[in-house]
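>
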Amino acid sequence: MIEFQGLNKWFGSALHVLRDIDLHVSKGEVVVVCGPSGSGKSTLIRCVNGLEPFQSGRLVVDGVDLGSKSPPLRKLRMEVGFVFQQFNLYPHKTALENVTLAPIHVRGLPKAEAEARGREILAKVGLADRMQNYPGQLSGGQQQRVAIARSLCMQPRVMLFDEPTSALDPEMINEVLDVMVSLAKEGMTMIVVTHEMGFARKVADRVVFMDRGAIIESGKPENFFKNPQNERTRDFLSKILHH
Amino acid sequence: MLGNLNIRVISEYLPDLWEGFLNTLMLSAAGFTGAFIIGIIACGLSIQPVRWLRGVGVAYIDLIRSTPLLAQLYFLYFGLPRLGVLLPEFTIGIIALALNSGAYIAEIIRSGILSIPRGQFEAALSSGFTYVQRMRLIVLPQAIRPTISPLIGQAIVLVKDSSLLSLISVVELTRVGQKIALDRFMPVEGLVATAVGFLVIYYLLKALAASWSHFNRTNSQ
Numbered sequence: 001m002i003e004f005q006g007l008n009k010w011f012g013s014a015l016h017v018l019r020d021i022d023l024h025v026s027k028g029e030v031v032v033v034c035g036p037s038g039s040g041k042s043t044l045i046r047c048v049n050g051l052e053p054f055q056s057g058r059l060v061v062d063g064v065d066l067g068s069k070s071p072p073l074r075k076l077r078m079e080v081g082f083v084f085q086q087f088n089l090y091p092h093k094t095a096l097e098n099v100t101l102a103p104i105h106v107r108g109l110p111k112a113e114a115e116a117r118g119r120e121i122l123a124k125v126g127l128a129d130r131m132q133n134y135p136g137q138l139s140g141g142q143q144q145r146v147a148i149a150r151s152l153c154m155q156p157r158v159m160l161f162d163e164p165t166s167a168l169d170p171e172m173i174n175e176v177l178d179v180m181v182s183l184a185k186e187g188m189t190m191i192v193v194t195h196e197m198g199f200a201r202k203v204a205d206r207v208v209f210m211d212r213g214a215i216i217e218s219g220k221p222e223n224f225f226k227n228p229q230n231e232r233t234r235d236f237l238s239k240i241l242h243h
Numbered sequence: 001m002l003g004n005l006n007i008r009v010i011s012e013y014l015p016d017l018w019e020g021f022l023n024t025l026m027l028s029a030a031g032f033t034g035a036f037i038i039g040i041i042a043c044g045l046s047i048q049p050v051r052w053l054r055g056v057g058v059a060y061i062d063l064i065r066s067t068p069l070l071a072q073l074y075f076l077y078f079g080l081p082r083l084g085v086l087l088p089e090f091t092i093g094i095i096a097l098a099l100n101s102g103a104y105i106a107e108i109i110r111s112g113i114l115s116i117p118r119g120q121f122e123a124a125l126s127s128g129f130t131y132v133q134r135m136r137l138i139v140l141p142q143a144i145r146p147t148i149s150p151l152i153g154q155a156i157v158l159v160k161d162s163s164l165l166s167l168i169s170v171v172e173l174t175r176v177g178q179k180i181a182l183d184r185f186m187p188v189e190g191l192v193a194t195a196v197g198f199l200v201i202y203y204l205l206k207a208l209a210a211s212w213s214h215f216n217r218t219n220s221q
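If you want it as structure tokens, here you go:
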């Protein structure tokens, strides 16, 4: 589904943000990416839907070669949902409008059909009573669930999460994680950048650790947490797991 | 000075003043409408990724903002006939006002667009919207709100700038004031009558701005 081969990316000429990335994500797989800040995690998943260009190597997502001359990005982005740390909901639209905007205008769904689908998905993320609210009237956790619903309403084949709970108050983190857990259990292909190791333990098929733009270690959650091979991974895990 | 103002003379010229007032209103309204359309187009061009289109937009904005309105007005007034374009003074006046304010309005709209967080563009981009859809559905509706107050400010400037059109013999408020001054040798009466007319228009626009900001407060999410 997603195939990185020797991918390299620089910001400008000096900052080498991604180094020789090799990563394969199969259909239905849930991959958690963690690592210290500035290690390139966000940049990695932003490459997957073409938000960031890269300079060398190969990246193929759902059959689309992102390194080709002009990849069909719009078509790809319909199939790849993206959830941002800062939600990025449209503040001038209600929750329901946020969710139905792309299905109507990008997929070309009739309005009634899009709204029926939108209601169903908002209800699924626990926001049946919030459809007519504007983002400014919702809590952070509710906004992020609307943002997830907005991506799901496009019926994507892949979902990317860029630190979806980092901007939330602690008591709201679980309501968002619960939605992601149920999504993972339904078989969605997901790459999740997060430091929520409880989530990783529960649903990840694989955990990837990044540092300074490179993938240092990757493995099944049980091995990754119990028996990390690399010194930097051990160091990182000791910092985030033991307060 | 105003104590011995000759109200009788002013009242004799009321029909002329009314005509001038209406003409000023019309020139301003037509000029602003044109300026708004030009402003949106010029702004659209100036933020284009395509380089030569952007060049056209930026060149227009720079040219207008760097030269005086009076010079632009004379340029059109004397220049257009040499190109074989013969237009009434009134029309030339509207074109000059629209071209002039259009550049400033382009900058106002551009600042509105730049005030929108980057995340909005990225969210729209990652949902697969086209450039035109992103602008129409997500960016412009949000960009308009912060631009309303500066736009009304620009409208106030445009109304006062329209007084320059008296120099190409368009009969508007200032021109009527000059007429009173020249016919009766009463410049103060002429100027006061002119000023009252502009004051009325100013307060109309100010009321509009106030009702907008009230609307804005009560409807902001």
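Chains as they are written, first to last, in UniProt numbering: chain A, 1 to 243; chain B, 1 to 221. Even glycine gets a Cβ: it sits at the ideal position worked out from N, Cα and C.
1. Skipping 5 residues on each side, what residues in its chain have a beta carbon closer than 7 Å to that of residue 79 (chain A)?
2. Identify every run of the alpha helix (DSSP H) within the stretch 149–195 of chain A, keeping only runs that are complete inside it and at least 4 residues long; order them along the chain.
3. Tell me, which residues are paired with residue 197 (chain A) by DSSP?
4. Quick one: what does DSSP say residue 222 (chain A) is sitting in, helix, strand or coil?
5. From residue 125 (chain A) to residue 198 (chain B), what distance separates their C-alpha atoms?
6. Mind listing which residues of the stretch 97–114 of chain A have their C-beta closer than 7 Å to chain B's C-betas, in chain order?
7. So residue 120 (chain B) is in the alpha helix (DSSP H); what residue range does that whole segment cover?
8. Measuring CA to CA, which of B:181, B:163, B:140 and B:167 is closest to residue 173 (chain B)?
9. When the distance is taken between beta carbons, is residue 38 (chain A) closer than 9 Å to residue 20 (chain A)?
10. At the level of alpha carbons, what is the spacing between residue 221 (chain B) and residue 32 (chain B)?
11. For residue 56 (chain A), name the three-state secondary structure that DSSP assigns.
12. With a threshold of 8 Å, are at least 3 pairs of Cβ atoms found where one atom belongs to the stretch 95–103 of chain A and the other to the stretch 142–151 of chain A?
13. Are any of the Cβ atoms in chain B nearer than 9 Å to that of residue 64 (chain A)?
14. Give me the residue from A:134, A:200, A:76 and A:225 with the minimum Cα distance to residue 47 (chain A).
15. In chain order, which continuous runs of the alpha helix (DSSP H) of length 4 or greater are located wholly inside the stretch 54–135 of chain A?
16. Would residue 132 (chain A) pass as an interface residue toward chain B - the criterion being a Cβ-Cβ separation below 9 Å?
17. With 16 as the cutoff for other CB atoms within 10 Å, does residue 121 (chain A) come out buried or exposed?
18. Tell me the DSSP bridge mates of residue 9 (chain A)?
19. Applying a beta-carbon distance threshold of less than 8 Å, which residues of chain A neighbour residue 120 (chain B)?
20. Can you give me, in chain order, the residues of the stretch 25–52 of chain A that have a beta carbon less than 9 Å from any beta carbon in chain B?
21. May I ask you to verify whether the stretch 232–243 of chain A touches the stretch 129–149 of chain B, counting CB pairs closer than 8 Å and requiring at least 3?
22. Quick check on the burial criterion: 16 or more other C-beta atoms within 10 angstroms. Buried or exposed for residue 7 (chain B)?
23. Taking the beta carbon of residue 95 (chain B) as the centre, do at least 16 other beta carbons fall within 10 Å, making it buried, or is it exposed?
24. Identify every residue that forms a DSSP beta bridge with residue 2 (chain A).
25. Which of the three DSSP states, helix, strand or coil, is assigned to residue 211 (chain A)?
26. Taking C-alpha atoms, which residue in A:201, A:210, A:213 and A:205 lies nearest to residue 226 (chain A)?
27. Output yes if chain A places a C-beta closer than 9 Å to the C-beta of residue 212 (chain B); else output no.
28. So, residue 203 (chain A) versus residue 33 (chain A), is the Cβ gap smaller than 9 Å?
29. Is there a Cβ from chain B that is less than 9 Å from the Cβ of residue 139 (chain A)?
30. Among A:55, A:123 and A:130, whose alpha-carbon lies nearest the alpha-carbon of residue 14 (chain A)?
31. Does residue 190 (chain A) get closer than 9 Å to chain B when you measure Cβ to Cβ?
32. Pick from A:145, A:134, A:181 and A:195: whose alpha carbon is nearest that of residue 172 (chain A)?
33. Take residue 177 (chain A) and list the residues in its own chain whose beta-carbon comes closer than 8 Å to its own, dropping the five residues that flank it on each side.
34. Nearest to residue 25 (chain A) by alpha carbon, out of A:83, A:94, A:73 and A:160?
35. Just verifying my parser: in three-state terms, what is the DSSP assignment at residue 89 (chain B)?
For this structure:
1. Here the set comprises 62, 156, 157 and 158.
2. Correct list: 170–185.
3. In the DSSP output, where bridge partners are listed per residue, residue 197 (chain A) has none listed.
4. Helix, per DSSP.
5. Going by C-alpha positions, residue 125 (chain A) is about 58 Å away from residue 198 (chain B).
6. So the list reads 101, 102, 105 and 106, given in the order they occur along the chain.
7. Boundaries of the alpha helix (DSSP H) harbouring residue 120 (chain B): 118–126, taken from the DSSP string.
8. Of the candidates B:181, B:163, B:140 and B:167, the one whose C-alpha sits nearest the C-alpha of residue 173 (chain B) is B:163.
9. Contact flag unset, no.
10. Residue confidence is low: residue 221 (chain B) scores 45 on pLDDT, short of 50, so the model does not pin down where it sits. No coordinate-derived value is stated.
11. In the structure shown, residue 56 (chain A) falls within a strand segment according to DSSP collapsed to helix, strand and coil.
12. Cβ pair count under 8 Å is three or more, so yes.
13. Residue 64 (chain A) does not count as touching chain B.
14. A:76 is the residue among A:134, A:200, A:76 and A:225 whose C-alpha sits nearest the C-alpha of residue 47 (chain A).
15. Scanning the stretch 54–135 of chain A from its first residue to its last, the whole alpha helix (DSSP H) runs of 4-plus residues come out as 73–79, 95–105 and 111–124.
16. Taking a beta-carbon distance threshold of 9 Å, residue 132 (chain A) does not count as an interface residue toward chain B.
17. Its Cβ being crowded by 16 or more others within 10 Å, residue 121 (chain A) is buried.
18. Beta-bridge pairing links residue 9 (chain A) to A:18.
19. Simply 88 and 90.
20. If the cut-off is 9 Å between Cβ atoms, the stretch 25–52 of chain A has 46, 49, 50 and 51 near chain B.
21. Judged by Cβ distances under 8 Å, the stretch 232–243 of chain A makes no contact with the stretch 129–149 of chain B, as fewer than three pairs qualify.
22. Residue 7 (chain B) is exposed by the Cβ-count criterion.
23. Classification of residue 95 (chain B): buried, given that the 10 Å Cβ count is 16 or more.
24. Residue 2 (chain A) is bridged to A:25 and A:61.
25. If DSSP states are grouped into helix, strand and coil, residue 211 (chain A) belongs with the strands.
26. When only C-alpha atoms are compared, the closest one is A:201.
27. Answer no: the Cβ-Cβ gap between residue 212 (chain B) and chain A never drops below 9 Å.
28. At least 9 Å separates the beta-carbon of residue 203 (chain A) from that of residue 33 (chain A).
29. For residue 139 (chain A), the answer is no, since every Cβ of chain B falls outside 9 Å of its Cβ.
30. Checking every option, the nearest Cα to that of residue 14 (chain A) belongs to A:55.
31. No - not a single Cβ of chain B is within 9 Å of the one on residue 190 (chain A).
32. That would be A:145, whose Cα lies nearest to the Cα of residue 172 (chain A).
33. Annotation for residue 177 (chain A): 165, 196, 198 and 199 place their beta carbon closer than 8 Å to its own, counting only its chain and skipping 5 residues before and after.
34. Comparing Cα-Cα distances from residue 25 (chain A) to each of A:83, A:94, A:73 and A:160, the minimum goes to A:160.
35. Residue 89 (chain B): helix per DSSP, three-state reduction.
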